[in-house]
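Note sheet for the following structure.
In structure tokens form, the structure reads like this:
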């Protein structure tokens, strides 16, 4: 790997070579357990609960032969409760763990943590900021499902303004060739300018649309996200929700080779019968969640070495 | 074992042969640590806290050489907090754990989880439903303390209507011969009809009584449970509590070979001096709690193989 | 070691020989990982959250090759929630763990736990009582930083009345020769009579002062503690806080060989730039926190053997 990274704070840090090295490592770890990190300790330091992300990282570390210390209550930790700075908490934890996964409610927290930590820090999501391992597992899933990371049309659907996963994924996609993104969202939830500027700068073609069914047949990947009803008046939400939804009726508009992704949890924006979820190859989001385990194993292994 | 079970959802699933196979395995594990499950991960997914049950399962898995990922906050997990279905949560967790213990606040949750999980699910208590490993450890304790599982008189005392442990234990007892059960409870807390029907169908003799001291001399096992004061007016509770209680005064009514069991925690329904608890062989409930560790090791080992 | 201890409840239990045996063991563990406690289980039973203490003990146990079961919610445990006694909870947990660290909100809880536990109990802080492993790591830090435990002048600053760490450390210092303690606190937060009586009885010289800067040049060790604003009217706190504070301005008053300690977390009573914290050898409190890991490893190892 040409770019030695010590911490993973944001998607932009990852170059193409490192990305593929991680993908190959994840593929290896999938078939052969490699418990070569015995004696190493991961601290999952969560200032807000995110059981899914936490359990995925912890399982990854255990499968590598390492151990885990954990808190979901870091906000009630000395730090928040008694006024200690995040820097001091990280300094102390980094003196008895070998690697830290930080989840924080404030954007920028991971960068601050990385600046003082004596061990690698992985950003497990910081406020409205990034969630780079989610982006990495999304990209890994596209690569495994479609077989390539260039010449791909991706339809991204839902709340593209606030969705952290969409932002981090766009940063990663900017590193590849002949990508086309079709953003589909209600106007008030459209993707922000900073992302558009980034995509323009990296020659990624994109367009903004509102008619989901029209663009489904063009997609190699449909990346669904949740529209949170808390973000708008209820009447408006009821009105919108059926327009940004995958059901039995429009799933068949996808090509056979296309794949439906979702960072999970999904609620009503995906409304498919259990049987379809279990048997239709187009439904890829549970495989996507499982991929998270292997890509996190690869990342932990890479940063520990 | 003749009946291969993949999940343990309810006591009725266990046949006599499997039960004794588990007992023999538990006895083996008690004397010789067998760390043959290295690399396997248990997920304890608790939608309501039950520290005792959780720590017992986790210790069991660790003693088998495996590892544990855990949440006591599954209710604040994506699922409940964001509207994800239990099915989806189980699908995701079963992609990175090798076995799941589920504790849930709703009856039937374990069955739903088992129907979609790709790994074994153990019911660690679901609402007013079952708690089959508690029943299994109760039965294992009777077997170890009395030396047999037939031709036994069991006096069950307390809240027999709402007590989940009494229900699950009755289902297991239905599999053995010449059992006699004497239920002793206030009328409003008597055992429900579904249990009586089950016992009748399996030719288990039972009677319902109210005078505890009269039946203590007949018991091989006295199975005490707590009457929860929240379930009735305070005056009524104060009136009842002294009638369904074991103290120094009536403990001696038990035969020397008889044993006092309790699923714990106990409060005032058992009012014995510490010295009696530590030295009187009739007091078996701390040995019973310890048996939980070994029977859970046996069960985890059985389901992982 | 001449005095075999089974539990560590209070600092006074530790004699000089045991203390130095633990220090030597901690030094060994620092350089060579010794995973000789594989298969042993630590239960961290916390009736109030203290993430720092908990993670430090858990990392220590994992580094020894052991495993951990844990609860931060022991107060919602059967015990508190359902009325079970602490004794019963300890009896049950000690049947499936090999050693227990107890954190409790009530003074005396550790002694009660130790009286019924079948495995070693370590006091991880009980209410306004003791926190003996903090005292041990403080003493270990003094020994490592200064090179001796006699003929030392220690300036203790801040809330000396309520500070649990100051109390436990004084008990340990009473075992050594030619110690001089200078207590510096506002009158209403001065050290209590029981500590003064203990120091007098053990021939430890001490004096009570209020002018911090005057005594800094005399100190080998400055042991800072936090003045909690909750304990006094805000106007009084604003008035006091600047008098019991270390800054760039008075840090230089310390001899080069002197060391600044703090049990952490620190807030405004230490107001030093990050660069000073990282480069000035006098700042010892992050090394002190790290020492906690090794001394806890030594203690766990000692009690498990």
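Protein chains in written order, with the numbering used here: chain A, -7 to 297; chain B, -7 to 297; chain C, -7 to 297. Glycine residues also receive a C-beta, built at the ideal position from the N, C-alpha and C atoms.
Considering only their Cβ atoms, is the gap separating residue j from residue i smaller than 8 Å?
{"i": "residue 132 of chain B", "j": "residue 166 of chain B", "result": "no"}
{"i": "residue 287 of chain A", "j": "residue 128 of chain A", "result": "yes"}
{"i": "residue 214 of chain C", "j": "residue 252 of chain C", "result": "yes"}
{"i": "residue 296 of chain C", "j": "residue 48 of chain C", "result": "no"}
{"i": "residue 34 of chain B", "j": "residue 93 of chain B", "result": "yes"}
{"i": "residue 142 of chain B", "j": "residue 171 of chain B", "result": "yes"}
{"i": "residue 67 of chain B", "j": "residue 39 of chain B", "result": "yes"}
{"i": "residue 52 of chain C", "j": "residue 51 of chain B", "result": "no"}
{"i": "residue 228 of chain A", "j": "residue 65 of chain B", "result": "no"}
Going by Cα to Cα distance, which pick from the options is closest to residue i?
{"i": "residue 274 of chain A", "options": "A:282, A:283 and A:264", "result": "A:264"}
{"i": "residue 246 of chain A", "options": "A:79, A:206 and A:178", "result": "A:206"}
{"i": "residue 217 of chain B", "options": "B:104, B:276, B:1 and B:256", "result": "B:256"}
{"i": "residue 96 of chain C", "options": "C:79, C:119 and C:110", "result": "C:119"}
{"i": "residue 45 of chain A", "options": "A:66, A:79, A:117 and A:86", "result": "A:117"}
{"i": "residue 203 of chain A", "options": "A:235, A:241 and A:271", "result": "A:235"}
{"i": "residue 195 of chain A", "options": "A:169, A:180 and A:208", "result": "A:169"}
{"i": "residue 157 of chain B", "options": "B:244, B:134, B:121 and B:192", "result": "B:121"}
{"i": "residue 86 of chain A", "options": "C:155, C:185, C:14 and C:283", "result": "C:283"}
{"i": "residue 278 of chain B", "options": "B:208, B:258, B:106 and B:197", "result": "B:258"}
{"i": "residue 155 of chain C", "options": "C:209, C:220 and C:42", "result": "C:220"}
{"i": "residue 210 of chain A", "options": "A:41, A:23 and A:248", "result": "A:248"}
{"i": "residue 225 of chain B", "options": "B:193, B:240, B:239 and B:180", "result": "B:180"}
{"i": "residue 11 of chain C", "options": "C:42, C:130, C:74 and C:100", "result": "C:130"}
{"i": "residue 42 of chain B", "options": "C:6, C:267 and C:74", "result": "C:74"}
I'd like the list of long-range same chain contacts for residue i, defined as Cβ closer than 6 Å, with 5 residues on each side in sequence excluded.
{"i": "residue 62 of chain A", "result": "36"}
{"i": "residue 70 of chain B", "result": "Legend: pLDDT at residue 70 of chain B = 48, less than 50; position of this residue unreliable, no value from coordinates given."}
{"i": "residue -6 of chain A", "result": "Reliability fails at residue -6 of chain A, whose pLDDT of 41 lies under 50, so the model's placement of it is uncertain and the value that follows must be treated cautiously. 9."}
{"i": "residue 178 of chain C", "result": "232"}
{"i": "residue 212 of chain C", "result": "138, 144, 145 and 250"}
{"i": "residue 175 of chain C", "result": "148, 152, 183 and 200"}
{"i": "residue 280 of chain A", "result": "133 and 253"}
{"i": "residue 243 of chain A", "result": "none"}
{"i": "residue 106 of chain B", "result": "-1, 1 and 113"}
Should residue i be counted as a contact of the ligand ADP given a C-beta to heavy atom distance under 7 Å?
{"i": "residue 33 of chain C", "result": "Inclusion of the ligand ADP in the displayed structure is not the case, the ligand content being empty and no account of it being possible."}
If I'm right that residue i touches residue j with Cβ under 8 Å, what's the distance once you round it to whole angstroms?
{"i": "residue 112 of chain B", "j": "residue 138 of chain B", "result": "Actually they do not touch by this definition, with Cβ atoms about 31 Å apart."}
{"i": "residue 187 of chain A", "j": "residue 148 of chain A", "result": "Going by Cβ atoms, the distance from residue 187 of chain A to residue 148 of chain A rounds to 10 Å, so no, they are not a contact pair."}
{"i": "residue 58 of chain B", "j": "residue 83 of chain B", "result": "No, residue 58 of chain B and residue 83 of chain B are not in contact; Cβ-Cβ is about 21 Å, not under 8 Å."}
{"i": "residue 79 of chain A", "j": "residue 104 of chain A", "result": "7 Å"}
{"i": "residue 237 of chain C", "j": "residue 261 of chain C", "result": "5 Å"}
Quick one: residues in its chain with C-beta nearer than 7 Å to the C-beta of residue i, no 5 flanking neighbours on either side, listed in chain order?
{"i": "residue 4 of chain C", "result": "163"}
{"i": "residue 8 of chain A", "result": "167"}
{"i": "residue 124 of chain C", "result": "0, 2, 3, 115 and 160"}
Looking only at its own chain, which residues have a Cβ that is under 8 Å from the Cβ of residue i, when we skip the five neighbours before and after it?
{"i": "residue 135 of chain C", "result": "15 and 141"}
{"i": "residue 110 of chain B", "result": "83, 86 and 87"}
{"i": "residue 55 of chain C", "result": "21, 25, 27, 285 and 289"}
Legend entry - chain C contacts from the region 25 to 47 of chain A (Cβ-Cβ distance under 9 Å): 30, 31, 33, 35 and 37
Legend entry - Interface positions of the region 78 to 99 of chain A facing chain C (Cβ-Cβ less than 9 Å), listed along the chain: 79, 80, 81, 83, 84, 85, 87, 88 and 89
Inset, instruction - Would you list, in chain order, the members of the region 248 to 264 of chain A that have their beta-carbon closer than 9 Å to a beta-carbon of chain B? - result: 256, 257, 258, 259 and 260
Inset, instruction - Mind checking the region 274 to 294 of chain C against chain A and listing, in chain order, the residues whose C-beta falls within less than 7 Å of any C-beta there? - result: 278, 281, 282 and 285
Inset, instruction - Could you please tell me which residues of the region 163 to 182 of chain A, in chain order, have their CB closer than 9 Å to any CB of chain B? - result: For the region 163 to 182 of chain A, the set of residues with a beta-carbon nearer than 9 Å to any beta-carbon of chain B is empty.
Inset, instruction - May I ask you to list, following chain order, the residues of the region 182 to 208 of chain B that have a beta carbon less than 9 Å from some beta carbon of chain C? - result: none
Inset, instruction - With 7 Å as the limit, tell me which residues of the region 211 to 241 of chain A have their beta carbon closer than that to any beta carbon of chain B; keep them in chain order. - result: So nothing in the stretch comes that close.
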